[in-house]
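Q: Mind looking over this structure? Questions follow.
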Amino acid sequence: MTKPVAEKRRVRRAPSNTVRDLADSVSKQSAEKKDVYQIFAEKVRDNKQLKSRWAIMQETRVEYFRGKEFPVFLRDHQEVKEILGLDKELDAEEIINTLLRKNLIVRCDRVLKTVRPGKKKLSSWPAHLEIHNEQVFSKEDAFFAWTFMKRRALWQTILSFLWPLVALAMCLFPVYPYQVKIVVLYSCAGALLFIVAMLSIRAAIFGVIYVLLGKRIWIFPNINAEETTFRELIRFCPKNSEGEPPKWTSRLFYALLSVLVILLLRHHAPDEAARARYQSKVSNIIDEMLEWSPKLALSGMLEKQQPVFNATEKSHPVGGNWSGDSKGAADLSDGTEDEVPVTDVIDT
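In this note's numbering, each number is its position in the sequence shown, counted from 1, plus 815.
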């Protein structure tokens, strides 16, 4: 009797085990599929053929691409779709929707939805974005931002470990040798002068072309822009701003305003004496900063403490009398007793 019961129990347990195995297999497949889409997203983001830009979204810098360029990218790079395995036959819309469901990307919309004055159309790559209400794929003016952290390169990891050492080195600048201080000072001054000069030349060239030709052309990239990357900073290619050409009245107004500003600056410029005085003050400050060292600081502290020690030694009484005053009085008395009055010499 017990044997058939055991067999029945064994038979009853078999379906539960199969269900459990199926559930485990489904979970493993879903995990593998999630990993596959994660790898796919990383490969797509690292590929430079898909154009992307940086923007500000909710006070955070994000990297985004345009929805209308994603189908073209998948059509030209079929090897990237091979990563998806069984889902490689899906079209661009289904892949984007899957990435949205897995929170690997988020659909964004431009903050400024109206054309600015003086321009014909909206910017192709807006600098400020916000999250779109409908998280679905769209080709019509749709932007998609990556939500995961990009893998750091080896040199970025090394730099992250070197930043604390750089901060410590900056704090120890006063104790550097004189030659090292000179190198650091001229390097920082040269970098600052380069930035100011590039911004000034950029503005001057833009102003001249704007007044004479009526075109908005930027020769150098804008260093002050938050969304500008390092690669964009080293691209010294002309950039023509979109929009209709300005009117001749506005060009004349800005030309007269520039001439007026130049005349005012020249009129209120300091004279030679004032420039020499300012230069001497600045040079003295720089010399004090460069020549300072811990040895000089310690010697200055000892010199300040030395008169205090001498005063305390002279103020100690010896035998009930003040040693310093009694000795001085004795010297004075001895000197006065040995001297001969001048009147007595004249009388003799």
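Yeah, the Cβ is synthetic: ideal placement off N, Cα and C, and Gly gets one too.
Checking the sheet assignment: what are the DSSP bridge partners for glutamate 878?
A: Residue 878 sits at position 63 when you count from the first residue of the sequence shown. In the DSSP output, where bridge partners are listed per residue, glutamate 878 has Trp869.
Q: Since glutamate 909 is in the alpha helix (DSSP H), which residue starts that stretch and which ends it?
A: Against the sequence shown, residue 909 aligns to sequence position 94. Segment 907 to 916, the alpha helix (DSSP H) holding glutamate 909.
Q: Compute the distance between the beta-carbons of proline 989 and tryptophan 1107, then report whether it is under 9 angstroms.
A: Position 174 of the sequence shown holds residue 989. Position 292 of the sequence shown holds residue 1107. Yes; because the gap between Cβ atoms is below 9 angstroms, this pair is in contact.
Q: DSSP three-state call for tryptophan 1063: helix, strand or coil?
A: For the purposes of this step, residue 1063 is taken as the residue at position 248 of the sequence shown. If DSSP states are grouped into helix, strand and coil, tryptophan 1063 belongs with the helices.
Q: Which class does leucine 1072 belong to by DSSP, given the choice of helix, strand or coil?
A: Position 257 of the sequence shown holds residue 1072. Helix, per DSSP.
Q: If contact is defined by three or more beta carbon pairs under 8 angstroms, each pair taking one atom from either stretch, is the region 904 to 921 in contact with the region 951 to 963?
A: Touching, yes, given that three or more Cβ pairs across the two stretches are closer than 8 angstroms.
Q: Taking only the alpha-carbon atoms, compute the straight-line gap between leucine 1105 and leucine 1028 and give it to the nearest angstrom.
A: Translated into the one-based positions of the sequence shown, residue 1105 becomes position 290. Translated into the one-based positions of the sequence shown, residue 1028 becomes position 213. Cα-Cα distance, rounded: 49 angstroms.
Q: Could you please give the first and the last residue of the uninterrupted alpha helix (DSSP H) stretch that includes arginine 931?
A: In the sequence shown, the residue the question calls residue 931 occupies position 116. Note, arginine 931: premise wrong, no alpha helix (DSSP H); not H, not E.
Q: Phenylalanine 959 bridges to which residues according to DSSP?
A: To locate residue 959, count along the sequence shown from 1; it is residue 144. Answer is Phe880 and Arg922.
Q: What residue from Thr875, Lys896, Lys883 and Leu1008 has the CA that sits closest to lysine 858's CA?
A: On the sequence shown, position 43 is the one that residue 858 refers to. Comparing Cα-Cα distances from lysine 858 to each of Thr875, Lys896, Lys883 and Leu1008, the minimum goes to Lys896.
Q: What number of angstroms, rounded off, separates the C-alpha of threonine 875 from the C-alpha of leucine 1079?
A: By one-based count along the sequence shown, residue 875 stands at place 60. By one-based count along the sequence shown, residue 1079 stands at place 264. Computed Cα separation, rounded: 41 angstroms.
Q: Could you tell me which of Ile1024, Ala1089 and His1083 sits nearest to proline 1060, measuring between CA atoms?
A: Within the sequence shown, numbered from 1, the residue matching residue 1060 stands at position 245. With distances taken between Cα atoms, proline 1060 lies closest to Ile1024.
Q: Count the other CB atoms within 10 Å of the CB of isoleucine 882; is the residue buried (16 or more) or exposed (fewer)?
A: Taking the sequence shown and counting its residues from 1, the one referred to as residue 882 is at position 67. The question names isoleucine, but residue 882 is glycine in the sequence shown. Buried, because 16 or more other Cβ atoms sit within 10 Å of the Cβ of glycine 882.
Q: Mind checking phenylalanine 855: buried by the 16 CB within 10 Å criterion, or exposed?
A: Along the sequence shown, one-based indexing puts residue 855 at 40. Buried, by the Cβ-count rule.
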